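Participant:
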Amino acid sequence: MRVLNKWIQKEPSKNAITILKDRYFLKDGEGNYLESTWDEVAKRIARHVAAAEVNYTNDVEEIKNAEEHFYQLIKSRIFLPNSPTIFNAGKTMDRQLFKKDIEETTLEDYKTIFDSRTKHNMLSACFVIPMDDSMNAIFDAVKNAALIMKYGGGVGYDFSVLRPKGSSIAGTGGKSSGPISFMHVFNTAASTIEQGGARRAAQMAVLRYDHPDVFDFINSKKDNKGNNVLNYFNISVNIDNPKEFKKMLEEDGDLTLEHPASSIRKTIKANDLMNKMVENAWKTGDPGMLFLGRHNQYYAMSEHTPVTATNPCGEEPLPPFGSCNLGSIDVAKLVEDMDLGNPNSDDISEFQEIIYWAVRFLDDVIESNIYPLKEIEEISKKQRFIGLG
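Going by this note's numbering, the sequence shown opens with residue 1011, and the numbers climb by one from there.
(1) Please classify Y1219: does DSSP put it in a helix, a strand, or coil?
(2) In the DSSP assignment, the beta strand (DSSP E) including F1089 goes from what residue to what residue?
(3) Beta-carbon separation of K1016 and A1052 under 7 Å?
(4) Which whole-angstrom value is the C-beta distance of V1165 and I1203, which I expect to be below 8 Å?
(5) Are R1173 and H1314 closer than 7 Å when you measure CB to CB?
(6) Just confirm the distance between the C-beta atoms of I1396 and N1335, as a whole number of angstroms; I'd bet it's less than 8 Å.
(7) Would you identify the three-state DSSP class for S1359, choosing helix, strand or coil?
(8) Using the rule of at least 16 other Cβ atoms within 10 Å of the residue's Cβ for burial, across every protein chain shown, is Y1381 buried or exposed?
(9) Using three-state DSSP, classify L1398 as helix, strand or coil.
(10) Less than 7 Å between the C-beta atoms of L1133 and D1119, yes or no?
(11) Do F1169 and A1215 come within 7 Å of each other at the CB atom, strictly closer than that value?
(12) Just checking, does the stretch 1294–1302 make contact with the stretch 1315–1331 on the three C-beta pairs under 8 Å criterion?
(13) Below 6 Å, is the gap between the Cβ of N1379 and the nearest heavy atom of the ligand ZN?
(14) Does the stretch 1182–1202 come into contact with the stretch 1246–1255, if we say contact requires no fewer than three beta-carbon pairs (one atom in each stretch) closer than 8 Å?
(15) Give the range of the beta strand (DSSP E) segment to which K1276 is assigned.
(16) Tell me whether the stretch 1120–1128 and the stretch 1063–1081 touch, counting them as touching only if at least three CB pairs, one residue from each stretch, are closer than 8 Å.
(17) Suppose you measure from the CA of E1141 to the CA of F1331; what does that come to, to the nearest Å?
(18) Nearest to P1329 by CA position, among M1311, A1342, G1337, is which residue?
(19) From V1224, D1220, N1379, L1265, pick the residue whose C-alpha is nearest to that of K1101; which is it?
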């Protein structure tokens, strides 16, 4: 492809190489670099992901063709996958399998790569982990999130299931400390995982707009003094019924805050809630607003696995145990050399081809991925979430 060939010739900047050395070049157990160029990284990623094609064909030339297209996309930096794919593809595998020229690579080599994947080869970036309103379930979620963040994934959670602060606990006779207190537990876990990982851990906390602790949730990042600020979290309020909420705002109506596992019940003005969200978003950037009820109306699997939260950046709503791998096309590089405004241009066909191979790459990641939990693998392979931007 013409545009890819141009950008393949251009090496990354000095700043890019610095970041590659800091985060993405593979190292051995003693910290010695196993890679020193972007070309080596691109070949490693392309070969690892193309090896998933052994699930569909025994034609080694077809697999090589996929690898070559993946390599060109990544080497040119016209397309890049999410970070875990970059720093986990090929990790702990036989380096000689990735040093072979593509002409010399055999079907058995691709099968060996696919069969030698380990837990270190987690390639997805986005996850949603469920929890339940019990101590065991909450700390199971902490453990599961730690396994994901260890290998570079980000995690979203719906804290709405946790009963509000001050609710009675039948088993102990005590009172619940509420969802915000447990968010600090997850935040501490994330800060610990960061120390051994390739990048800063990231999380998304979601709470329904009618949860009794919603004001505490909105204010949880208000006073940013550098400590106890949930700095490993983005937070978002789920306006599950936006039409109803909009009507309340227009009529200055009341909103009832309640939880099915608690006797705590409050009535507030919907406008007070909206004003507080807007004020804090202006001051701190949090909270965001999600409309997951609306999303589930258009989500084909909502009757079986409704979406409950998003990834930390908020662009990928997912069901419990859902995961997604992301990729991006650098359109700025394309518009410099392409006439994308003319639907009859040959450049449009080349752009479509880039999209085709990017989508095929992301779909192959689903198969070449090693998932941290069996439940995540099951959902991911059935529903095949990808994101291309």
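Using N, Cα and C, we set each Cβ at its ideal position, and we do this for glycine too.
All values derive from a computational prediction rather than experimental measurement.
Facilitator: Looking at the atomic coordinates:
(1) coil
(2) 1089–1091
(3) no
(4) Actually they are not in contact, since the Cβ atoms of V1165 and I1203 sit about 10 Å apart, beyond 8 Å.
(5) no
(6) 6 Å
(7) helix
(8) buried
(9) strand
(10) no
(11) yes
(12) yes
(13) Only the bare structure without any ligand can be found here, which leaves the ligand ZN out of the picture.
(14) no
(15) 1275–1279
(16) yes
(17) Here the sequence assigns Met to residue 1141, which means Glu is not the residue at that position. Roughly 10 Å separates the two Cα atoms.
(18) M1311
(19) N1379
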